[in-house]
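K.L.:
Below are the structure tokens for one structure; questions will follow.
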Amino acid sequence: MPASGPDPNGSALRLEPLRAWRFVAGKVSALGAVTSPPYDVLEPAIVRRLTDSDLHNMVRLILPRDPDLGPGRYDEPARRLAEWQRAGVVIQDQRPALYVYEQRLGNAVLCGLVGALGLDPARRVVLPHEGVMPHWVDDRLELMEATDADLEPILLAYGDGGAASDAVDRARAGEPWLEADTENGAQHRIWRIEDPAELATIGAELAKHEALIADGHHRYAAYLERHRREPARASTAVGLAMLVDYDRHPLTLEPIHRVIPGLDLATVSGRTPAGWQVLRGRVDGVPDRIAVTDGSDWVTLRSTRGQEAPTVALLHDVLLPAWGVVEVEISFHHALSDALALAGPQQAVVELAAPKMDQVLRSAVQGVVLPQKATSFGPKPRVGLLFRTL
Numbered sequence: 001m002p003a004s005g006p007d008p009n010g011s012a013l014r015l016e017p018l019r020a021w022r023f024v025a026g027k028v029s030a031l032g033a034v035t036s037p038p039y040d041v042l043e044p045a046i047v048r049r050l051t052d053s054d055l056h057n058m059v060r061l062i063l064p065r066d067p068d069l070g071p072g073r074y075d076e077p078a079r080r081l082a083e084w085q086r087a088g089v090v091i092q093d094q095r096p097a098l099y100v101y102e103q104r105l106g107n108a109v110l111c112g113l114v115g116a117l118g119l120d121p122a123r124r125v126v127l128p129h130e131g132v133m134p135h136w137v138d139d140r141l142e143l144m145e146a147t148d149a150d151l152e153p154i155l156l157a158y159g160d161g162g163a164a165s166d167a168v169d170r171a172r173a174g175e176p177w178l179e180a181d182t183e184n185g186a187q188h189r190i191w192r193i194e195d196p197a198e199l200a201t202i203g204a205e206l207a208k209h210e211a212l213i214a215d216g217h218h219r220y221a222a223y224l225e226r227h228r229r230e231p232a233r234a235s236t237a238v239g240l241a242m243l244v245d246y247d248r249h250p251l252t253l254e255p256i257h258r259v260i261p262g263l264d265l266a267t268v269s270g271r272t273p274a275g276w277q278v279l280r281g282r283v284d285g286v287p288d289r290i291a292v293t294d295g296s297d298w299v300t301l302r303s304t305r306g307q308e309a310p311t312v313a314l315l316h317d318v319l320l321p322a323w324g325v326v327e328v329e330i331s332f333h334h335a336l337s338d339a340l341a342l343a344g345p346q347q348a349v350v351e352l353a354a355p356k357m358d359q360v361l362r363s364a365v366q367g368v369v370l371p372q373k374a375t376s377f378g379p380k381p382r383v384g385l386l387f388r389t390l
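Start counting the sequence shown at 1; every next residue gets the next number (UniProt numbering).
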């Protein structure tokens, strides 16, 4: 996403080199076995499998247990990370670099730069597109403060990367610095860029652009709050991030479904406002549809007024208030099957269609924030291949 021009206030998209931490292959069962998907897509069965895969799997850091312990629950991952550092299970790179990260799973490829992202509180060049839930921001912030680390990169997307993307391609032509295979069949490779001329080329190109936060809004909000609390500490002015040129390496865009306690199909059918068509059954082929089920029956909703806003925005702005839904009780599910397993006569599942990329970009550029958990961009970077300490 090219920027509209030089910012008179000095904001520019920056991705700085860092000395990343990584696992040592000889100290763990396998590099892939200690990695994890991001914290917010981990269902309990996945957590159990990853926890059993290796004593050093990253879920032991990014998902603090025993919520009844309150803030003390974050002490365990902090102690565990310190133990891994002392034992040499994880080590820090000797020289700062930007890291080219490539993930391949079938025909899907995630490729981009990992580094320390300059924070942008004014939202001039780092653009969020969806809201956040304060308790999750607090959770990620407390983990960051306890471990004094950024354990999971956020994912940003920008377009027409030009010279920066050329530098990424040049790096990928060489031998990888790190390779790993994960249990889902994905192959991961990382290269380092530390040549001053290449870094200068990348920096000059990125300064021309804006970037959309594709994944990691809660972590980015936690970065901003950490810097607000510790402004004099230089290391809080940046946060771990991966930046992808979506023109060269397109990202997928999937919906996140809702489970709504207390909602039944009679309420959906009887209290859906004018401007919507209510169709019986789960009707395919309807653009921007919203389908609702109680586990036995379905209704499909379709706006009759035409729309530029993503469907998820209309759900939260129009339909949920009409149905009398209390939003704090909603749960969010990336896999429709996980949501459907919870459906019942008084607990409806809302199946959403994915927003279109142009809708998301247009909203972000205009400063419009979509509801929390509006989108799921992918593929997502694997957690544990690279992380940052402050």
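Each residue gets a CB set at the ideal place from its N, CA and C atoms; glycine is no exception.
(1) Between the Cα of L55 and those of D215, S303, S36 and T147, spot the shortest distance and give me the residue it belongs to.
(2) For the putative contact between G88 and P371, defined by C-beta atoms under 8 Å, what is the C-beta separation to the nearest angstrom?
(3) Under the three-state reduction of DSSP, which class applies to L119: helix, strand or coil?
(4) Quick check: what's the CA-CA separation for P121 versus A146?
(5) Can you grab the Cα-Cα spacing for the pair L390 / A339, in whole Å?
(6) Is the distance from the Cβ of L342 to the Cβ of V259 below 8 Å?
(7) Using only alpha-carbon positions, find the residue among A97, S53 and L361 that is nearest to N184.
(8) So what's A232 in DSSP terms, helix, strand or just coil?
(9) How should A20 be labelled, buried or exposed, when 16 other C-beta atoms within 10 angstroms of its C-beta is the threshold for buried?
(10) For the beta strand (DSSP E) containing L212, list its first residue and its last residue.
(11) Have a look at P321, A266, A204 and G161 and flag the residue whose alpha-carbon is nearest the alpha-carbon of P250.
(12) Would you kindly work out how many angstroms separate the C-alpha atoms of R302 and A180, rounded to a whole number?
(13) Quick check: E194 and P96, are their CB atoms within less than 8 Å of each other?
(14) Around the Cβ of N107, are there at least 16 other Cβ atoms within 10 angstroms (buried) or fewer (exposed)?
(15) Once the 5 residues before and after R305 are set aside, which same chain residues still bring their CB inside 8 Å of it?
(16) Please return the same chain residues whose Cβ sits closer than 7 Å to the Cβ of L18, not counting the five positions on each side in sequence.
(17) Hey, R289 and T300: beta-carbon distance below 8 Å or not?
(18) Verify whether the separation of the beta carbon atoms of V125 and A221 is less than 8 Å.
(19) CA-CA distance, I91 and A25?
(20) Among the candidates A313, G324 and A149, whose CA atom is the shortest distance from the CA of P355?
(21) Whose C-beta lies closer than 8 Å to the C-beta of P77 among residues of the same chain, with five residues either side of it excluded?
(22) Assign P255 to buried or exposed, taking buried as 16 or more other Cβ atoms, counted over all protein chains shown, within 10 Å of its Cβ.
(23) Quick one: what does DSSP say R60 is sitting in, helix, strand or coil?
(24) How is the alpha helix (DSSP H) around T261 delimited, first residue to last?
(25) Thinking C-alpha only, which one of A232, R226, A164 and H227 is nearest L199?
(26) Check whether the Cβ atoms of W323 and T267 sit closer than 8 Å, and answer yes or no.
(27) Report back the beta-carbon spacing between L155 and G118 to the nearest angstrom; my notes put them in contact at under 8 Å.
(28) What's the C-alpha gap between R382 and V238?
(29) Out of L320, T252, D284 and W298, point me to the one whose CA is closest to V360's CA.
P.N.:
Taking the definition as stated:
(1) Taking the sequence shown and counting its residues from 1, the one referred to as residue 55 is at position 55. With distances taken between Cα atoms, L55 lies closest to S36.
(2) Walking along the sequence shown from the start, residue 88 turns up at place 88. Walking along the sequence shown from the start, residue 371 turns up at place 371. Actually they do not touch by this definition, with Cβ atoms about 45 Å apart.
(3) The residue you call residue 119 lines up with position 119 of the sequence shown. Coil.
(4) Within the sequence shown, the letter at position 121 stands for residue 121. Within the sequence shown, the letter at position 146 stands for residue 146. Taking the straight line joining both Cα atoms gives about 23 Å.
(5) By 1-based counting over the sequence shown, the position of residue 390 is 390. By 1-based counting over the sequence shown, the position of residue 339 is 339. Between L390 and A339, the C-alpha separation is close to 38 Å.
(6) Position 342 of the sequence shown, counted from the first residue, corresponds to residue 342. Position 259 of the sequence shown, counted from the first residue, corresponds to residue 259. Yes; because the gap between Cβ atoms is below 8 Å, this pair is in contact.
(7) Taking the first residue of the sequence shown as 1, we reach residue 184 at position 184. Nearest Cα to N184 within the set A97, S53 and L361: S53.
(8) The residue given as residue 232 occupies position 232 in the sequence shown. Here A232 sits in coil by DSSP.
(9) Taking the first residue of the sequence shown as position 1, residue 20 is located at position 20. Around the C-beta of A20, 16 or more other C-beta atoms lie within 10 Å, and the residue is accordingly described as buried.
(10) Here residue 212 refers to the residue found at position 212 when the sequence shown is read from its first residue. Per DSSP, L212 is one residue of the beta strand (DSSP E) stretching across A211 to D215.
(11) In the sequence shown, the residue the question calls residue 250 occupies position 250. When only C-alpha atoms are compared, the closest one is G161.
(12) Locating residue 302 in the sequence shown gives position 302, where the first residue counts as 1. Locating residue 180 in the sequence shown gives position 180, where the first residue counts as 1. For R302 and A180, the distance between alpha carbons rounds to 45 Å.
(13) If you number the sequence shown from 1, residue 194 lands on position 194. If you number the sequence shown from 1, residue 96 lands on position 96. Result yes, Cβ atoms of E194 and P96 sit closer than 8 Å.
(14) Stepping through the sequence shown from its first residue, residue 107 is reached at position 107. Exposed is the label assigned to N107, since fewer than 16 other Cβ atoms lie within 10 Å of its Cβ.
(15) Here the question's residue 305 lines up with position 305 in the sequence shown. Within the same chain, R305 has close Cβ partners G275.
(16) Counting from 1 along the sequence shown, the entry for residue 18 is found at position 18. Taken in chain order, the residues that qualify are P96, G115, A116 and R388.
(17) The residue labelled residue 289 in the question sits at position 289 within the sequence shown. The residue labelled residue 300 in the question sits at position 300 within the sequence shown. Taking C-beta atoms as the reference points, R289 and T300 count as a pair closer than 8 Å.
(18) Within the sequence shown, the letter at position 125 stands for residue 125. Within the sequence shown, the letter at position 221 stands for residue 221. Not closer than 8 Å, so no.
(19) Here residue 91 refers to the residue found at position 91 of the sequence shown. Here residue 25 refers to the residue found at position 25 of the sequence shown. Inter-residue distance for I91 and A25 is about 11 Å (C-alpha atoms, whole angstroms).
(20) The residue you call residue 355 lines up with position 355 of the sequence shown. The option with the nearest alpha carbon to P355 is A313.
(21) For the purposes of this step, residue 77 is taken as residue 77 along the sequence shown, with counting starting at 1. R60, L61, I62, P64, L143, A146 and T147.
(22) On the sequence shown, residue 255 is found 255 positions in, with the first residue counted as 1. Taking every protein chain shown into account, the CB of P255 has 16 or more other CB atoms within 10 angstroms, so this residue is buried.
(23) Numbered from 1 along the sequence shown, position 60 holds the residue referred to as residue 60. Collapsing the DSSP output to three states places R60 in a helix.
(24) In the sequence shown, the residue the question calls residue 261 occupies position 261. At residue 261 the sequence reads Pro, which differs from the Thr that was named. P261 -> not in any alpha helix (DSSP H); beta strand (DSSP E) instead, spanning H257 to P261.
(25) For this step, residue 199 is matched to residue 199 along the sequence shown. Nearest option by C-alpha distance: A164.
(26) Reading the sequence shown from its first residue, position 323 is the one you call residue 323. Reading the sequence shown from its first residue, position 267 is the one you call residue 267. Yes, Cβ-Cβ distance for W323 and T267 is below 8 Å.
(27) Translated into positions along the sequence shown, residue 155 becomes position 155. Translated into positions along the sequence shown, residue 118 becomes position 118. Rounded, the Cβ-Cβ distance is 16 Å, inconsistent with contact.
(28) Counting from 1 along the sequence shown, the entry for residue 382 is found at position 382. Counting from 1 along the sequence shown, the entry for residue 238 is found at position 238. Distance between the alpha carbons of R382 and V238: 20 Å.
(29) For the purposes of this step, residue 360 is taken as the residue at position 360 of the sequence shown. For the residues L320, T252, D284 and W298, the minimum Cα distance to V360 belongs to T252.
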